[in-house]
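Engineer: Take a look at the following structure, please.
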Amino acid sequence: MMKNIVLAFSAVVIFAAPSSARAVEPAAAPAAALGKLPLPDGPVVFLVEDVPAFEKALSGGIRKAVTGKLPESDPVGAAWRRTRVGSKLDSQWQLFASDIPLTWSQISALKPSAFGMTLLAAGDLEAVLVVRTALAQLPVPLPNGTQKTYKGYAYQLVTRGAGDDRNLERRMGLAWCRAGRHLFLATSERSLLAALDVQAGQGGFSSMVGGFAQLRLNLDALRKDLYFKREFLFDEGTQGPATGILLAGLELEGNRLVEVRKGTGEGRAPGATWPVAQRNVRAAGWEPDGKRLWSAFWRAVLDPVPNPSDRPVAAVKVLPSFSEAAESRYLVDLRQPVSAGTDAGGEGEIPAWKDLIKTAAPDGFGWEVTRDGYPRFALRQPPAFDKGFVDLSIKTLSRRSGMTPKDDGGTLRVGPGLAGLAYKRKGGFLWVGLRGEDLTDCPEPSGTPDLVRWGYLNLSDASLEREAWRRAEGAFSPEYTRPFSDRILGLLGWAPSLETISSERKRSGDTFTERVTFTFSETAGAKKPSSPPAPAPAAPKK
-8 MMKNIVLAFS AVVIFAAPSS ARAVEPAAAP AAALGKLPLP DGPVVFLVED VPAFEKALSG
52 GIRKAVTGKL PESDPVGAAW RRTRVGSKLD SQWQLFASDI PLTWSQISAL KPSAFGMTLL
112 AAGDLEAVLV VRTALAQLPV PLPNGTQKTY KGYAYQLVTR GAGDDRNLER RMGLAWCRAG
172 RHLFLATSER SLLAALDVQA GQGGFSSMVG GFAQLRLNLD ALRKDLYFKR EFLFDEGTQG
232 PATGILLAGL ELEGNRLVEV RKGTGEGRAP GATWPVAQRN VRAAGWEPDG KRLWSAFWRA
292 VLDPVPNPSD RPVAAVKVLP SFSEAAESRY LVDLRQPVSA GTDAGGEGEI PAWKDLIKTA
352 APDGFGWEVT RDGYPRFALR QPPAFDKGFV DLSIKTLSRR SGMTPKDDGG TLRVGPGLAG
412 LAYKRKGGFL WVGLRGEDLT DCPEPSGTPD LVRWGYLNLS DASLEREAWR RAEGAFSPEY
472 TRPFSDRILG LLGWAPSLET ISSERKRSGD TFTERVTFTF SETAGAKKPS SPPAPAPAAP
532 KK
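To convert, note that position 149 of the sequence shown is 140 in my numbering; the numbers rise steadily by one, no gaps.
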């Protein structure tokens, strides 16, 4: 259970069932009224004060995961185990489970009125779980160890962990204590004593941000953690603008599940917004980091191939002379390595594009993906920007097609009916795409004084490309991590009734509030994911 509690907050967001989201009733007595949960401070603090709401929100794959019933063949679990974090945690969990096979079923049997966990050190897997229960006798058998006493509390040290001795091969140990209404389960003696210090001082956490499940992240501490910096897959976690403390909480609003995030360190300029409803849009958003435009624009529009070369101009070499017998007439000498330098090809117009893109999105850019998968970008630039943009586009298309494209009313064509790039001016914005028909319904974006970024994703449309996502980052392999493919497939498979995901981050001074909304279909289970194709039969052995 402890390995899954860390993931439960984000997983409940994605995998909660719409029927349970509508049916949740408030707890009879708020846990906050019973006092703080004695959790020590740490880089990550997870808190659930409305256990009935949390219980009803658990469904699908996440319920199987936290109850230990997730099959080995599940794609999300398999993807998790292929990561370095997942493989390490999975092996350590086997050792921890040999001491106490703890799952959500055992936690729920304790009839908790609140529970939470603090992660003190990611690299040492050092954490402490605190469960508030009124039961006089616990239904969960706890292993005996060496009995010790600390500040008047008797506790059991079953196995030492890396938090006690970093030389130990075992990272997750086990120490536990029953103190009043609280049961403490820790992966090290040190973390247990830290929690008992909080218990003795009557400190801890309660009602950090609101919602039935809450999360507190110390971003400064996490970004100093070498383990976190090395293993986190995306730049947002290690290089984003937010600093200090980030708080997040889950709330239920009808058939929607809303995650509210609050933090500091947001100093980026306001973005722009435009309507996406009733338009040919699968995904859209405003990206406030203009540095990301070049990579996205290059691969989506300029050179729409999986791995475009940064030296796209073919190398030119003088043909060998027939008058010199010492020179190879076959152009290739197998005895010599391929030469570098000028033979690697030329950059062509790529440096000029990089310079232009740097000025194109100093405060961010807009983007959309149509329902049939075509990309388009919204660049906040005045009309004077257009000429330089079109001139460079002509150079790129000339290189790619071998001919000078024709500008047909905003569409650069490289042949009859063959569009290479399209652009359309809408007020202070230039929309750019691959085809003219993709820009027909593009509206004029409008600036907003406090909206920094936003995003929208229609899962109903994305599910149509399930098979494409299976191949997007290579074939499935136990030795290979697919950061996007496996997560998208997991999202589509574990949340078949999830229809849309949308987010908005608004800034006020140096602080921000972000709402991420997950909207489910009105009828739970109305949409069922298609079954994955059966594996091809193995060839008979000869």
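Idealized CB from N, CA, C, for every residue including glycine. From a predicted model like this one, the values you see are computed outputs, not experimental measurements.
So residue 458 is in the alpha helix (DSSP H); what residue range does that whole segment cover?
Structural biologist: Within the sequence shown, residue 458 is the residue found at index 467, counting from 1. That run of the alpha helix (DSSP H) goes 457 to 462.
Engineer: Check residue 499 in the structure and name its three-state DSSP category.
Structural biologist: Position 508 of the sequence shown, counted from the first residue, corresponds to residue 499. Strand at residue 499.
Engineer: Have a look at residue 478 and residue 67 and give me their C-alpha separation to the nearest angstrom.
Structural biologist: Your numbering for residue 478 matches position 487 in the sequence shown. Your numbering for residue 67 matches position 76 in the sequence shown. In a straight line, the C-alpha of residue 478 is about 7 angstroms away from that of residue 67.
Engineer: Using 8 angstroms as the threshold, is the stretch 53 to 64 in touch with the stretch 86 to 99, meaning 3 or more CB pairs across them?
Structural biologist: yes
Engineer: Hey, which unbroken runs of the beta strand (DSSP E) at 3 residues or more fall wholly within the stretch 144 to 178?
Structural biologist: Listed in chain order, they are 144 to 150, 165 to 170 and 173 to 177.
Engineer: If you run the structure through DSSP and keep just helix, strand and coil, what is residue 288?
Structural biologist: Locating residue 288 in the sequence shown gives position 297, counting from the first residue. Three-state result, residue 288: helix.
Engineer: With residue 162 and residue 116 assumed to form a contact (beta carbons below 8 angstroms), what rounded beta-carbon distance in angstroms separates them?
Structural biologist: Residue mapping note: residue 162 aligns to position 171 of the sequence shown, counting from 1. Residue mapping note: residue 116 aligns to position 125 of the sequence shown, counting from 1. Going by Cβ atoms, the distance from residue 162 to residue 116 rounds to 4 angstroms, so yes, they are a contact pair.
Engineer: So, at 7 angstroms on beta carbons, what are the nonlocal neighbours of residue 232 in its own chain, with the 5 sequence-adjacent residues on each side left out?
Structural biologist: Sequence index remark: in the sequence shown, residue 232 carries index 241 (1-based). Result list for residue 232: 256, 257, 258 and 259, in chain order.
Engineer: What residues match up with residue 368 in a beta bridge as DSSP calls it?
Structural biologist: Your numbering for residue 368 matches position 377 in the sequence shown. Secondary-structure assignment with DSSP links residue 368 through a beta bridge to 358 and 423.
Engineer: Quick test of the definition: if touching needs 3 or more C-beta pairs under 8 angstroms, does the stretch 197 to 216 touch the stretch 151 to 166?
Structural biologist: no
Engineer: Just to confirm my understanding: we take residue 415, look at its own chain, exclude 5 residues before and 5 after, and list those with CB closer than 7 angstroms. What are they?
Structural biologist: Counting from 1 along the sequence shown, the entry for residue 415 is found at position 424. Beyond the five residues adjoining it in sequence on each side, residue 415 comes within less than 7 angstroms, by CB distance, of 401, 422, 430 and 433 in the same chain, given in chain order.
Engineer: Determine the DSSP secondary structure at residue 378, reduced to helix, strand or coil.
Structural biologist: Translated into the one-based positions of the sequence shown, residue 378 becomes position 387. Helix at residue 378.
Engineer: Pull up the distance between the alpha-carbon of residue 196 and that of residue 347, whole angstroms please.
Structural biologist: For the purposes of this step, residue 196 is taken as residue 205 along the sequence shown, with counting starting at 1. For the purposes of this step, residue 347 is taken as residue 356 along the sequence shown, with counting starting at 1. Distance between the alpha carbons of residue 196 and residue 347 is about 50 angstroms.
Engineer: Is it buried or exposed for residue 243, if we count other Cβ within 10 angstroms and need 16 for buried?
Structural biologist: Here residue 243 refers to the residue found at position 252 of the sequence shown. When all chains shown are included, residue 243 counts as buried.
Engineer: Is the number of C-beta pairs between the stretch 439 to 456 and the stretch 275 to 290 that are closer than 8 angstroms three or more?
Structural biologist: yes
Engineer: Which residue wins for smallest C-alpha separation from residue 505, given the options 72, 178, 420 and 251?
Structural biologist: Taking the sequence shown and counting its residues from 1, the one referred to as residue 505 is at position 514. Comparing Cα-Cα distances from residue 505 to each of 72, 178, 420 and 251, the minimum goes to 251.
Engineer: Would you say residue 513 lies against chain B (beta-carbon separation less than 9 angstroms)?
Structural biologist: The structure shown contains no chain B, having only a single protein chain.
Engineer: Quick one, are the C-beta atoms of residue 121 and residue 43 less than 9 angstroms apart?
Structural biologist: For this step, residue 121 is matched to residue 130 along the sequence shown. For this step, residue 43 is matched to residue 52 along the sequence shown. Taking C-beta atoms as the reference points, residue 121 and residue 43 fail to come closer than 9 angstroms.
Engineer: For residue 166 versus residue 192, is the C-beta spacing smaller than 9 angstroms?
Structural biologist: Translated into the one-based positions of the sequence shown, residue 166 becomes position 175. Translated into the one-based positions of the sequence shown, residue 192 becomes position 201. Contact: no.
Engineer: When the Cα atoms are used, what is the spatial distance from residue 441 to residue 355?
Structural biologist: By 1-based counting over the sequence shown, the position of residue 441 is 450. By 1-based counting over the sequence shown, the position of residue 355 is 364. Cα-Cα distance, rounded: 14 angstroms.
Engineer: Quick one: measure Cβ to Cβ for residue 369 and residue 357, integer angstroms, because I've assumed they're closer than 8 angstroms.
Structural biologist: Locating residue 369 in the sequence shown gives position 378, where the first residue counts as 1. Locating residue 357 in the sequence shown gives position 366, where the first residue counts as 1. Confirmed, Cβ separation roughly 3 angstroms.
Engineer: According to DSSP, is residue 583 helix, strand or coil?
Structural biologist: The shown model of the chain, from -8 to 533, leaves out residue 583, and the question about it has no answer.
Engineer: Leaving out five residues on either side along the sequence, give the residues of the same chain with a beta carbon under 7 angstroms from the beta carbon of residue 394.
Structural biologist: On the sequence shown, position 403 is the one that residue 394 refers to. Excluding sequence neighbours, residue 394 sits near 405.
Engineer: With burial defined as no fewer than 16 other Cβ atoms inside 10 Å of the residue's Cβ, what is the status of residue 47: buried or exposed?
Structural biologist: Translated into the one-based positions of the sequence shown, residue 47 becomes position 56. Answer is buried; the Cβ neighbour count reaches 16.
Engineer: Compute the Euclidean distance between the alpha carbons of residue 253 and residue 266, then round it to the nearest angstrom.
Structural biologist: Translated into positions along the sequence shown, residue 253 becomes position 262. Translated into positions along the sequence shown, residue 266 becomes position 275. Taking the straight line from one Cα to the other gives about 25 angstroms.
Engineer: Assuming residue 342 is part of the alpha helix (DSSP H), what are its boundary residues?
Structural biologist: To locate residue 342, count along the sequence shown from 1; it is residue 351. Counting along the chain, the alpha helix (DSSP H) containing residue 342 begins and ends at 341 to 351.
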